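There are 2 protein chains.
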Amino acid sequence: MTDLARATALLTIDVAAIVANWKRLSALVAPAEASAVVKADCYGLGMEHIAPALSAAGCQSFFVACVNEGIALRRILPAAVIHVLSGPLGGDEGEFAAHNLIPVLNSLAQITGWAGFAKKGSGAPAAAIHIDTGMNRLGLSETELERLAAKPEITAAIRPILVMSHLACADDADSPMNARQLTTLRRLASHLPALPQSIAASSGIFLGRGFHLGLVRPGAALYGLNPMPGRPNPMSQVVKLQGKIVQVRDVDSPQTVGYGATHRVEGKRKLAVVAVGYADGWFRSLSNRGHGMIGGMKVPVAGRISMDLTTFDVTDVPAEHAHPGAWIELIGPDLSPDRVADEAGTIGYEILTSLGRRHHRRWTGTETAKS
Amino acid sequence: MTDLARATALLTIDVAAIVANWKRLSALVAPAEASAVVKADCYGLGMEHIAPALSAAGCQSFFVACVNEGIALRRILPAAVIHVLSGPLGGDEGEFAAHNLIPVLNSLAQITGWAGFAKKGSGAPAAAIHIDTGMNRLGLSETELERLAAKPEITAAIRPILVMSHLACADDADSPMNARQLTTLRRLASHLPALPQSIAASSGIFLGRGFHLGLVRPGAALYGLNPMPGRPNPMSQVVKLQGKIVQVRDVDSPQTVGYGATHRVEGKRKLAVVAVGYADGWFRSLSNRGHGMIGGMKVPVAGRISMDLTTFDVTDVPAEHAHPGAWIELIGPDLSPDRVADEAGTIGYEILTSLGRRHHRRWTGTETAKS
Numbered sequence: 000m001t002d003l004a005r006a007t008a009l010l011t012i013d014v015a016a017i018v019a020n021w022k023r024l025s026a027l028v029a030p031a032e033a034s035a036v037v038k039a040d041c042y043g044l045g046m047e048h049i050a051p052a053l054s055a056a057g058c059q060s061f062f063v064a065c066v067n068e069g070i071a072l073r074r075i076l077p078a079a080v081i082h083v084l085s086g087p088l089g090g091d092e093g094e095f096a097a098h099n100l101i102p103v104l105n106s107l108a109q110i111t112g113w114a115g116f117a118k119k120g121s122g123a124p125a126a127a128i129h130i131d132t133g134m135n136r137l138g139l140s141e142t143e144l145e146r147l148a149a150k151p152e153i154t155a156a157i158r159p160i161l162v163m164s165h166l167a168c169a170d171d172a173d174s175p176m177n178a179r180q181l182t183t184l185r186r187l188a189s190h191l192p193a194l195p196q197s198i199a200a201s202s203g204i205f206l207g208r209g210f211h212l213g214l215v216r217p218g219a220a221l222y223g224l225n226p227m228p229g230r231p232n233p234m235s236q237v238v239k240l241q242g243k244i245v246q247v248r249d250v251d252s253p254q255t256v257g258y259g260a261t262h263r264v265e266g267k268r269k270l271a272v273v274a275v276g277y278a279d280g281w282f283r284s285l286s287n288r289g290h291g292m293i294g295g296m297k298v299p300v301a302g303r304i305s306m307d308l309t310t311f312d313v314t315d316v317p318a319e320h321a322h323p324g325a326w327i328e329l330i331g332p333d334l335s336p337d338r339v340a341d342e343a344g345t346i347g348y349e350i351l352t353s354l355g356r357r358h359h360r361r362w363t364g365t366e367t368a369k370s
Numbered sequence: 000m001t002d003l004a005r006a007t008a009l010l011t012i013d014v015a016a017i018v019a020n021w022k023r024l025s026a027l028v029a030p031a032e033a034s035a036v037v038k039a040d041c042y043g044l045g046m047e048h049i050a051p052a053l054s055a056a057g058c059q060s061f062f063v064a065c066v067n068e069g070i071a072l073r074r075i076l077p078a079a080v081i082h083v084l085s086g087p088l089g090g091d092e093g094e095f096a097a098h099n100l101i102p103v104l105n106s107l108a109q110i111t112g113w114a115g116f117a118k119k120g121s122g123a124p125a126a127a128i129h130i131d132t133g134m135n136r137l138g139l140s141e142t143e144l145e146r147l148a149a150k151p152e153i154t155a156a157i158r159p160i161l162v163m164s165h166l167a168c169a170d171d172a173d174s175p176m177n178a179r180q181l182t183t184l185r186r187l188a189s190h191l192p193a194l195p196q197s198i199a200a201s202s203g204i205f206l207g208r209g210f211h212l213g214l215v216r217p218g219a220a221l222y223g224l225n226p227m228p229g230r231p232n233p234m235s236q237v238v239k240l241q242g243k244i245v246q247v248r249d250v251d252s253p254q255t256v257g258y259g260a261t262h263r264v265e266g267k268r269k270l271a272v273v274a275v276g277y278a279d280g281w282f283r284s285l286s287n288r289g290h291g292m293i294g295g296m297k298v299p300v301a302g303r304i305s306m307d308l309t310t311f312d313v314t315d316v317p318a319e320h321a322h323p324g325a326w327i328e329l330i331g332p333d334l335s336p337d338r339v340a341d342e343a344g345t346i347g348y349e350i351l352t353s354l355g356r357r358h359h360r361r362w363t364g365t366e367t368a369k370s
């Protein structure tokens, strides 16, 4: 019996859709370069399967969060340009050199530390400089930039190839923060030598040409999340999650369902128990709020979601669809990660990165596709 | 450079504390048997490291959610009694036989299917029967039990060794559901031959002797979650999660922090950015609500939690504690998973099962401990 036949949760990732999304964004921003953000294992979807497909499609630059992810990506893509967003954290500079990883330098302390390392002549790769323009998370402040500008030998030592910043409110096109941050980046970058600049991630790309600069850094949009919340999603759907029905119960007297007895059944109802729970990343906050799709019909979550199981009310679904062994769609063409996130009280990003470990995963639409 | 030195998130699991918790419960319920629920990879904490320690301490019976988990556990514990809560889902009966896994049979259809398989003489293991007493999730209804009682040859064919049910409100000792479910189990079990019975999981154990029956099935309490919410936790803490500070920022003018600019800094503040985000299972719902501990002080989350990063306000923390490279405690002795769950709007169970994949994990207090 194959793993697939035994699986109770099936996660299908459409790599061809990811590639199509990247190509669409790449065409949209040309002549700016479109990189790909593949941190957190491609938002939980499998860097090993996705990064090679993006590279084959022409993507040359990649962003990861930390040095461990950079080392993992280097094994997959020997020739790619790999940026590590956290930069060196002290003592790990040699790893950046050994694996040819470009550190994103986020503070004056990181810059001086890296300059010291680079001066030792140990083959340090080039670097990117991150300027804070209002996110107040990582990046150099104006004061730090002024101090750096006073020491051009340090800037020369780190051989910068990119100046970047990050928008705080890009998913709200009406926010005055966006234009303000772009203006600030332009102004602060003047403290540095002329370099390619980057400020736009997925949502920022859709703020207009002025935000594309030299390079854009889409992540969420590649994986099918809507970069323009509240407007039609221009990206192709990527993820499909299905849960297997373990049992169908007929309830004919008034009873409660699940932990805490939070859901009460009044009339004659049919309940389907699916072998997916919050340990699989199907958020507990979907209890009594989320829904699934089966046979083209919407079925509501009944009661609290358990660790390994979720109960749906399938009263109106014909028995040929709702039977033990049948699949209920939990994320898919009619139920986007953004929609699930709305019902769970979070954002699509967290839905993707939380997708559990017990799913059987399939990658489709790639030469390296495997089941 | 070791993986540990490069790690930005460090998860330490005290296996000795898990064993101590199991021993305490075992002594509490004796002569009833204390099993261990190790589903979902021991609630996300690593079955491979924990199950052998429990077995060495004397635990003989284990519960997993699905057949894949059963097969994985059989590789670790060749001689243990392993129950699979979902039972066979059609076509996978041979896997139960091949790996000597006891199916928990949750419906009349599963029972008749398993009886048919067992009659083929293919070495089917014994089985457990799950009776629903009010959870309305999995388990035989009274009607199904009456129909089963009319066909004793089916019951004989499956060789049942345990009758079990599951409490819906065990964490609320005042709920009338508890006694009602126990009474219902006693009454419905009379349709079957005399067998050991089980109804209590972690919280049920603390409802009193009457709920211990032949076997108890603790999971959460083994892993340090409080089986009696609102009262002092009788269990030892198991999990410690630390995040490394990537950068410390001094902010001296009124500014906003993070995505959506939801947090506003008014005076002179010091902010620490930690390399743990919601992709690591540090829930996004902790944004502007959660806290960490450093140098014995409580530090609040400032702004929205990002995928890879969380910002804390460390203004009041001395610089010898809050500096790049230092650790902030996110779960630990002073910040239980239950407490984090309160702040995140969920339960400790979901905090544990969501702990991310990027953590560097250490198991301590076991002969098989490794770093």
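Residue numbers (numbering that gives the first Met the number 0), protein chains in the order written: chain H, 0 to 370; chain B, 0 to 370.
Even glycine gets a Cβ: it sits at the ideal position worked out from N, Cα and C.
As the structure is a prediction and not an experimental result, all values here were calculated from the model.
| Item | Value |
| --- | --- |
| Helix, strand or coil at residue 328 of chain H [DSSP, three-state] | strand |
| Cutoff 9 Å: residue 111 of chain H Cβ touching any chain B Cβ | no |
| Cα-Cα separation between residue 165 of chain H and residue 201 of chain H, rounded to whole angstroms | 11 Å |
| The stretch 330-350 of chain B touching the stretch 86-97 of chain H, judged by at least three CB pairs closer than 8 Å | no |
| Member of H/58, H/20 and H/53 whose CA lies at the smallest distance from the CA of residue 214 of chain H | H/58 |
| Contact set for residue 21 of chain H: own chain, Cβ-Cβ below 8 Å, skip 5 residues either direction | 33, 35, 53, 56, 58, 217 and 221 |
| Cβ neighbour criterion (16 or more within 10 Å) applied to residue 349 of chain H | buried |
| Per-residue burial, residue 2 of chain H [other beta carbons within 10 Å of its own, 16 or more giving buried] | exposed |
| Distance CB(residue 117 of chain H)-CB(residue 156 of chain H) smaller than 9 Å | yes |
| Residues near residue 245 of chain B in its chain [Cβ-Cβ closer than 6 Å; skip 5 each side] | 272 and 274 |
| Reduced DSSP category for residue 176 of chain H - H, G, I as helix; E, B as strand; rest coil | helix |
| Own chain partners of residue 374 of chain H with C-beta closer than 7 Å, once the 5 adjacent residues on each side are dropped | Outside the modelled stretch of chain H, which goes from 0 to 370, sits residue 374 of chain H, for which no answer is possible. |
| C-alpha distance - residue 68 of chain B paired with residue 85 of chain B, whole-angstrom precision | 11 Å |
| 4-residue-minimum alpha helix (DSSP H) runs that sit fully inside the stretch 65-141 of chain H, ordered along the chain | 66-75, 92-97 and 107-118 |
| Interface residues of the stretch 273-299 of chain B facing chain H [CB-CB below 9 Å] | 274, 276, 277, 278, 279, 280, 282, 283 and 284 |
| Chain H within 9 Å of residue 238 of chain B, Cβ atoms only | no |
| Rounded C-alpha distance that separates residue 288 of chain B from residue 109 of chain H | 30 Å |
| Residue from B/4, B/10 and B/65 whose Cα sits closest to the Cα of residue 7 of chain H | B/65 |
| Same chain only: Cβ atoms within 8 Å of residue 203 of chain B, ignoring 5 sequence neighbours per side | 166, 169, 177, 210 and 215 |
| Nonlocal neighbours in the same chain, by C-beta distance under 6 Å from residue 27 of chain B, ignoring five residues either side | none |
| Where residue 241 of chain H meets chain B, residues with beta-carbon distance less than 8 Å | Simply none; closest approach about 14 Å. |
| Alpha-carbon spacing of residue 31 of chain B relative to residue 75 of chain H, whole angstroms | 53 Å |
| Close beta carbons around residue 278 of chain B, own chain, < 8 Å, minus the five adjacent residues each side | 306, 307, 355 and 357 |
| DSSP state of residue 298 of chain H mapped onto helix, strand, coil | strand |
| Cβ neighbour criterion (16 or more within 10 Å) applied to residue 11 of chain B | buried |
| Residue 61 of chain B to residue 351 of chain B span [Cα, whole Å] | 19 Å |
| is_contact[residue 346 of chain H, chain B] using C-beta, thresh 9 Å | yes |
| 6 Å Cβ shell around residue 91 of chain B - same chain, five flanking residues per side excluded | 66 |
| Sequence-distant residues of the same chain with beta carbon closer than 6 Å to residue 346 of chain H, five excluded per side | 340 |
| Beta carbon proximity, residue 208 of chain B to chain H, threshold 9 Å | no |
| Closest by C-alpha distance to residue 182 of chain B, when choosing among B/198, B/15 and B/172 | B/198 |
| Beta strand (DSSP E) segment containing residue 252 of chain H, residue limits | Here residue 252 of chain H belongs to no beta strand (DSSP E), and DSSP marks it neither H nor E. |
| Interface partners of residue 349 of chain H on chain B, CB under 7 Å | 277 and 283 |
| Sub-9 Å separation of residue 241 of chain H and residue 326 of chain H beta-carbons | yes |
| Proximity of residue 343 of chain B and residue 252 of chain B at Cβ, strictly below 9 Å | no |
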